[in-house]
Structure formats: C-alpha cells, structure tokens
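Quick notes on the structure that follows.
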DNA sequence: TAGCTAATTGCAATATTATTGCATTTAGTT
DNA sequence: AACTAAATGCAATAATATTGCAATTAGCTA
Ligand SMILES: [Mn+2]
Ligand SMILES: [Mn+2]
Ligand SMILES: [Zn+2]
Ligand SMILES: [Zn+2]
C-alpha cells in the first residue's frame, strides 16, 4: 500500500488548478501558487486577510490587493467561491417560520425575494443530522434570474 | 370592502415590533421606530448604511453606530436577521458539484464543514422554479452545533 | 407635570475590509 | 538574453465595523 503525504496531495491539487489557469491563458505566478496552497491545505473558509496572515506567519508577504485579485480570478473560473453575501442586514417578518430564511437574488436586476418552505427546511435539517450536526437555523441564497429577466 | 393604506399597514407591523421590544424591557425610542419603519416598508434586504441613506434622504439623521446597535437588537429578538455571512472567501475543490455550496458552521467551536448533495440542490432548484426563478447557483449555511459540541 | 435614572444615542477615535490608478516586476515567449 | 503583456505592489481612498465615553431621552415616580 502506498502512503501519500498530505503535502504531496496539496501539491497535486494545486498543480491541477495551476494547469487550469494556464489553460485559460493566465500565468502561473508565485502569489497564485501561494494562495492556492493555503486554500488547499486549510480546512475552513478563509478571508483574504486570513490568507494574508497565514502566509505572513510563514515569512511570505503578499499584498492584500493581490490576494483579492487572485481570489476573484479563482472564483471567476469556479476554482473557488465566496461565501454569502454582502454581509448586509436583512429584515424578516414577525411571523417568519423557524429556519425559513431563503433569498432568491436576481443576478440581472438585483431583485430579492424571500420565501419559506418548512419541508425544505426539514429535509435540510435531516441531512445535516446525518453528519451529526444539529441545525439551529439556516440561511440560503439562490442566485439566478427572476422570471422577468429570464424572458429577455 | 375596507381599503387599508400601505402606510397604515406599516404602522401596524412596526407597532407589533415595538410592543415586543417593550415587552422585553426595551424602550420604544425614535431611532428604533425609524429603523423599523424603513425595514418594514422596504422590499429588499438593507445594510446599516442603506438604512442610514434612506433616512437621510427624508431628513432624518441617525448615527451609523445606532443603526448597528438597533439591528443587532432586532436580530437578537428574532425581529430581523442578517444575511450570510462574514463575506469571506471560500475555497472549493475542483470537483465541486454545481450548486453544492453548503456549509455547516458550529456556533460553539466555529468548525466549518462543507458538503454537497445533488438531490437537495435539485429540490431547491425545482422549488425556485415554481416562483419562475431560474437558479444559477446557490449557497447555504447551516448554523448550529457540531456533534462534538452538541454532546457537551 | 416635573424630576429622576437607567437605558439609549451620538460622537470621536480607531480598526478592519475593500477598491482604484499607476509604477514596478515577472512569466512566458522570441 | 531580451521583449512584452500580464500581474503584482504601492499609495491613496472608500466603505464598513467596533469601542469607550459624554450627552440625551424614555419611562417611571413623586
Ligand atoms: Mn426569513
Ligand atoms: Mn462548494
Ligand atoms: Zn431580475
Ligand atoms: Zn462545534
């Protein structure tokens, strides 16, 4: 049986990403490799400044602007994605169902529609339960096109 | 048939919220009423600075700190809630399934676990479809307790 | 109704996060 | 090795968020 070290796995996945970047005509730069490495080896979501801090602790210095731009690029190529959302505050009506917070956000006109569905909530709760996770509440955002914008 | 103006409806809902505030020992202050009014009458999610701007346009001036504090209070009483999330960036593996971006975030230890489920995605897509909404992708976050923290 | 007081707000200072234009550097090519 | 478009770093600025404290106010009491 072959044993593969964690670091070599990371190297492999980073290499895949790099290959995709190059395939699209982007350069395989040092900063891009560094960011990819950190993303690959870290378990949880990282902010640009998280990444900056992790690298700094290793004596590698990247400008935060660079990190923002790299992350934007990775997201645009679906190699990474952002967590929701604008971080804005949202109103909710008083009679809101527990766990109901779903938003459909139109990419074109920006319209936001909120809805609730108990069954969907229950399924999601059950699903999380299978992982041993006890859901207190959940929020979700659907990004796409509203009926009006879709027709155009 | 009775016709009720939109403004009187807003007044009613705001009054409900105010009543709940007072029931918990919080004062019914002018700033709180103003923020509630804006939240009630506006269709889409608003950031603290959105609210500040709307009020300013009406000649009402609230300090942004006040708005933050009011929104925090409303959220703590479940009269409002925030959209996700830290706004941070998230890594995603290359083989990620379209529309798979789900995170379970432990309120206690902060652990974040990402998972994917095609069926759940499909159901959500279908659900949105019923509203005429065409989903491009969706992200969601489950907030609760991981198995370890739940046991304690 | 006026005065009292705890709660709330406003202010000022600071911190954090994000964006832009431009000079400098670098990866990939010749 | 030289060239050049692409990418990065830098500096300035903007936007968002938090904290401690002084001033104000809502609700209570006399
Ligand atoms: Mn809701
Ligand atoms: Mn994902
Ligand atoms: Zn639309
Ligand atoms: Zn936990």
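Protein chains in written order, with this note's numbering: chain A, 8 to 159; chain B, 8 to 159. Glycine included, each C-beta is placed from N, C-alpha and C at the ideal position. In this text, all values refer to a predicted model and were calculated from it rather than measured experimentally.
- Closest by C-alpha distance to residue 135 (chain A), out of B:145, B:143, B:123, is B:123.
- Scanning its chain for C-beta atoms nearer than 6 Å, with the 5 sequence neighbours on each side dropped, one finds around residue 39 (chain B) the residues 77, in chain order.
- Distance from residue 154 (chain B) to residue 140 (chain A) at the Cβ level is roughly 7 Å; contact confirmed, criterion being Cβ atoms closer than 8 Å.
- The bridge partners DSSP lists for residue 150 (chain A) are A:112, B:144.
- With its beta carbon at least 8 Å from every one in chain A, residue 36 (chain B) lies outside the interface.
- Residue 141 (chain A) reaches chain B at 151, 152, 157, counting residues in chain order whose Cβ is nearer than 7 Å.
- When secondary structure is reduced to three states using DSSP, residue 122 (chain A) falls in the strand class.
- Residue burial is scored here from C-beta neighbours: residue 64 (chain A) has fewer than 16 other C-beta atoms within 10 angstroms and is therefore classed as exposed.
- Residue 35 (chain A) and residue 86 (chain A) have their C-alpha atoms some 14 Å from each other.
- For residue 124 (chain B), the C-beta contacts it makes with chain A under 8 Å involve 134, in order along the chain.
- Beta-carbon to beta-carbon, residue 156 (chain B) and residue 128 (chain B) are separated by about 27 Å, too far to satisfy the 8 Å threshold.
- Chain-ordered listing is empty here: chain A has no CB closer than 9 Å to the CB of residue 84 (chain B), the nearest sitting near 10 Å.
- By the beta-carbon neighbour count (other beta carbons within 10 angstroms, threshold 16), residue 149 (chain A) is buried.
- Ligand 3 never approaches residue 136 (chain B) closely enough for any of its heavy atoms to be under 7 Å from the residue's Cβ.
- Using beta-carbon distances, residue 69 (chain A) does not count as an interface residue toward chain B, since no partner is under 8 Å.
- Identification of chain A residues near residue 65 (chain B) by a Cβ-Cβ cut-off of 8 Å yields none; the smallest Cβ-Cβ distance measures about 18 Å.
- For the pair residue 81 (chain B) and residue 88 (chain B), the Cα-to-Cα distance works out to about 7 Å.
- Comparing C-alpha distances from residue 146 (chain B) to each of B:132, B:152, B:137 shows the shortest one belongs to B:132.
- Among the residues facing chain A, residue 39 (chain B) is not included, as its CB has no counterpart in that chain under 8 Å away.
- Residue-level contact check: residue 29 (chain B) does not touch chain A, since none of the beta carbons of chain A fall below 8 Å from its beta carbon.
- Every residue with a CB closer than 5 Å to a heavy atom of ligand 4 is listed here in chain order: B:113, B:115, B:116, B:118, B:153, B:156.
- For residue 87 (chain A), the three-state secondary structure derived from DSSP is strand.
- Boundaries of the alpha helix (DSSP H) harbouring residue 39 (chain B): 37-48, taken from the DSSP string.
- In summary, residue 138 (chain A) is exposed, with fewer than 16 beta-carbon neighbours lying within 10 Å of its beta-carbon over all protein chains present.
- Residue 21 (chain B) sits buried, since 16 or more C-beta atoms from the chains shown fall within 10 Å of its C-beta.
- Just measuring C-alpha positions, the residue of B:119, B:158, B:84, B:115 sitting nearest residue 30 (chain B) is B:84.
- In this structure, the CA atom of residue 72 (chain A) is about 37 Å from the CA atom of residue 43 (chain B).
- At least one CB of chain B lies nearer than 8 Å to the CB of residue 127 (chain A).
- Among the CB atoms of chain B, none fall inside 8 Å of the CB of residue 33 (chain A).
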